[in-house]
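Protein chains in written order, with the working numbering: chain A, 848 to 1057; chain B, 496 to 745.
Think of the CB as a built atom: it goes at the ideal place given N, C-alpha and C, for glycine as much as any other residue.
Treat the numbers as computed from the prediction; the structure is a model and nothing was measured.
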Amino acid sequence: MNVIRFLLQNRTQVLELTGEHLWLVGWSTLFAMLIGIPLGILIAHRKQLNKPVLAAANIIQTIPSLALFGFLLPVPWLGDRAERLAILALTLYALLPIIRNTYSGILGVDPAVLEAGKGMGLTESQLLFQVELPLAISMILSGVRVAIVISVGLATIAAAIGAGGLGEFIFRGLAMVDNRVILAGAIPAAVLALLADFGVGWVERRLKPR
Amino acid sequence: MIEFRDVSYSVNGVHVLAGLNLHVAHGETLVLLGRSGSGKTTTLKLVNRLVNPTSGEIRVNGERNDQTDLIRLRRGIGYVIQEVGLFPHFTVAQNIGLVPKIERWGEERVRTRVRELLQLVGLGEELAVRYPRQLSGGQRQRVGVARALGADPAILLMDEPFGALDPLTRDELQREFLLLQQRLQKTVVFVTHDLREALRLGSRIALMEAGKLVTVLTPHEFLKSSDPWASAYVHAFGDGLESAANRGSS
Chain A
848 MNVIRFLLQN
858 RTQVLELTGE
868 HLWLVGWSTL
878 FAMLIGIPLG
888 ILIAHRKQLN
898 KPVLAAANII
908 QTIPSLALFG
918 FLLPVPWLGD
928 RAERLAILAL
938 TLYALLPIIR
948 NTYSGILGVD
958 PAVLEAGKGM
968 GLTESQLLFQ
978 VELPLAISMI
988 LSGVRVAIVI
998 SVGLATIAAA
1008 IGAGGLGEFI
1018 FRGLAMVDNR
1028 VILAGAIPAA
1038 VLALLADFGV
1048 GWVERRLKPR
Chain B
496 MIEFRDVSYS
506 VNGVHVLAGL
516 NLHVAHGETL
526 VLLGRSGSGK
536 TTTLKLVNRL
546 VNPTSGEIRV
556 NGERNDQTDL
566 IRLRRGIGYV
576 IQEVGLFPHF
586 TVAQNIGLVP
596 KIERWGEERV
606 RTRVRELLQL
616 VGLGEELAVR
626 YPRQLSGGQR
636 QRVGVARALG
646 ADPAILLMDE
656 PFGALDPLTR
666 DELQREFLLL
676 QQRLQKTVVF
686 VTHDLREALR
696 LGSRIALMEA
706 GKLVTVLTPH
716 EFLKSSDPWA
726 SAYVHAFGDG
736 LESAANRGSS
């Protein structure tokens, strides 16, 4: 009950920090999709590239987030604004699930369907946009879902470098040894993750080939 | 119509096909008969360049097929495979109308064509809105044939199209294929390992073994042939082959 009273009393700040949080997650997910989906398509078609690309994405994933934020801090233009840095780091973390799911989604298309399409004289881009992507779309979106849920959680750490977001409450609460304040950050973050998961899941179901 | 000149194909030093010379005449059904691994599917795929030869050339309508535009070449050749490969996210009508549509036929003309083709392969118009997974195996293969005929190609390549069907459905589709072929007079290259099917459907049978063309014979010649491979086939399939050969020509 204390937590709820605290949230209500500080609702302007809660909303503001939630907005910042969404801003970080939104941009980074968008960038990760813009990079990850084409990359996933590429490595599904050029098999020799799949190992190095997936390995790189895997390695990024294993870098502890706090360390990654720290590494990037001295980088010129990036380090000037904490949000830029946070968005870049979150983008990097979101890549793996998006690349991997795009890759498996495209590889999962029935080879007979592709052969028939090729044999009928579909061009590579017709095959991609009319056959491969529509059939892989729900797989790709479930990758995006995972990426968003990861990002919502990781974005709380961005507060450590001053990028804002709900992590502010969490770090402040930790410093003050006040659970109410920690939960004021953690609960809205969890709600965001659930809502995003539900939202993308809904889109996924709508786009699913019948 | 289709001509193979000294065609060889090898992958990683393994000869899949060696020194193939073969001519397929306009309006005939040439059956490529052979065991798995004999090179018959490769031969078929050489025509629409799903496979490119290591040496030699293939002519389609008198033109070398590696000198014509690949997409144009393929759109002029219908392709039917055993697994059918219907687009699962498209309805029956969308599957059949895809090539006409990307050839910019116009909506009305595509719709008329789809209706025509459904009728041609013996499917009711009510199936047009169904998805492939809502169809039986026989219906699916009928849609596969209709799709291959979509933009009215002069050539049809068929790779064991009826191989996965139950015997009754297969019999039905073979019979319909003969009727269809009487009407349409397409140039057909048909791959099978079933001698009975070859005798019934083929105007000529090209027997293949281990990457080589053994002989090309009409169904009746095939039954009487003294060629060891041909007679081995006739033996393996046993009695009652005469009637298969007769039904094809009647």
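Buried versus exposed, by CB contacts within 10 Å (16 or more), residue 595/B: Burial call: buried.
Residues, ordered as in the chain, of the region 655-681 of chain B that lie near chain A by beta-carbon distance below 7 angstroms: Taking 7 angstroms as the Cβ-Cβ cut-off against chain A, none of the residues of the region 655-681 of chain B qualify.
Skipping 5 residues on each side, what residues in its chain have a beta carbon closer than 6 angstroms to that of residue 534/B? 511, 512, 703 and 706
Within-7 angstroms CB hit, residue 511/B to chain A: no
Can you name the start and end residues of the beta strand (DSSP E) that residue 554/B belongs to? 550-555
So, helix, strand or coil for residue 905/A, using DSSP? helix
In three-state terms, what does DSSP make of residue 496/B? coil
Below 8 angstroms, can you find three or more Cβ-Cβ pairs linking the region 860-876 of chain A to the region 997-1016 of chain A? Taking a cut-off of 8 angstroms on C-beta distances, the region 860-876 of chain A touches the region 997-1016 of chain A, as three or more cross pairs fall below it.
Using beta carbons (cut-off 7 angstroms, strictly below), is residue 590/B in contact with chain A? no
Given that a residue counts as buried once 16 or more other Cβ atoms are within 10 Å of its Cβ, and exposed if not, what is residue 965/A? It is buried - the Cβ of residue 965/A has at least 16 other Cβ atoms within 10 Å.
Determine the direct distance from the alpha carbon of residue 1052/A to that of residue 961/A, and round the result to whole angstroms. Between residue 961/A and residue 1052/A, the C-alpha separation is close to 24 angstroms.
Could one say the Cβ of residue 963/A lies closer than 7 angstroms to chain B's Cβ atoms, at least one of them? So yes, residue 963/A belongs to the interface.
Name, going along the chain, the residues of the region 970-991 of chain A whose beta-carbon falls closer than 7 angstroms to a beta-carbon of chain B. 970, 973, 978, 981 and 982
Taking only beta-carbon positions, decide if residue 504/B is within less than 7 angstroms of chain A. no
Determine, for residue 859/A, whether the minimum Cβ-Cβ distance to residues of chain B falls below 7 angstroms. no
Check the Cβ of residue 545/B against every Cβ in chain A and list those closer than 9 angstroms, keeping chain order. 962, 965 and 966
Can you tell me which of the three DSSP states residue 564/B falls into? coil
Of all the CB atoms in chain A, is at least one closer than 7 angstroms to the CB of residue 578/B? yes
Using 8 angstroms for Cβ pairs, my map puts residue 643/B next to residue 630/B. What's the rounded Cβ distance? Wrong, their Cβ atoms sit about 16 angstroms apart, outside the cutoff.
What residues from chain B crowd round residue 957/A, counting only those whose CB sits closer than 9 angstroms? 578, 580 and 583
Between residue 638/B and chain A, is any beta-carbon pair separated by less than 7 angstroms? With 7 angstroms as the cut-off, residue 638/B does not count as an interface residue toward chain A.
Ends of the alpha helix (DSSP H) at residue 1044/A? 1026-1054
Please list, in chain order, the chain A residues whose beta carbon lies closer than 9 angstroms to that of residue 594/B. Proximity of chain A to residue 594/B at the Cβ level (cut-off 9 angstroms) is accounted for by 967, 968 and 969, in chain order.
Would residue 566/B pass as an interface residue toward chain A - the criterion being a Cβ-Cβ separation below 7 angstroms? yes
Could you spell out where the alpha helix (DSSP H) holding residue 639/B opens and where it closes? 632-643
In whole angstroms, give me the CA-to-CA distance for residue 524/B and residue 990/A. 49 angstroms
Secondary structure of residue 919/A, DSSP reduced to three states: helix
Look at the alpha carbon of residue 974/A and the alpha carbon of residue 952/A, and state the distance between them as a whole number of angstroms. 14 angstroms
For residue 745/B, name the three-state secondary structure that DSSP assigns. Confidence at residue 745/B is low in this model, with a pLDDT of 45, below 50, so the placement of that residue should be treated as unreliable; the coordinate-derived value is given next. It is coil, neither helix nor strand.
Which residue marks the beginning of the beta strand (DSSP E) containing residue 617/B, and which one marks its end? Run containing residue 617/B: none; DSSP gives neither H nor E here.
Bounding residues of the alpha helix (DSSP H) (the contiguous stretch that carries residue 878/A): 858-892
Look at the alpha carbon of residue 855/A and the alpha carbon of residue 1011/A, and state the distance between them as a whole number of angstroms. In this structure, the CA atom of residue 855/A is about 20 angstroms from the CA atom of residue 1011/A.
Under 8 angstroms: do the region 580-598 of chain B and the region 606-626 of chain B share three or more Cβ pairs, one atom per stretch? yes
Where DSSP assigns a beta bridge to residue 1002/A, which residues make up the other side? In DSSP, residue 1002/A forms no bridge with anything.
Around the Cβ of residue 654/B, are there at least 16 other Cβ atoms within 10 angstroms (buried) or fewer (exposed)? Buried, because 16 or more other Cβ atoms sit within 10 Å of the Cβ of residue 654/B.
Identify the contact partners of residue 570/B in chain A, using a Cβ-Cβ distance below 8 angstroms as the criterion. 967 and 968
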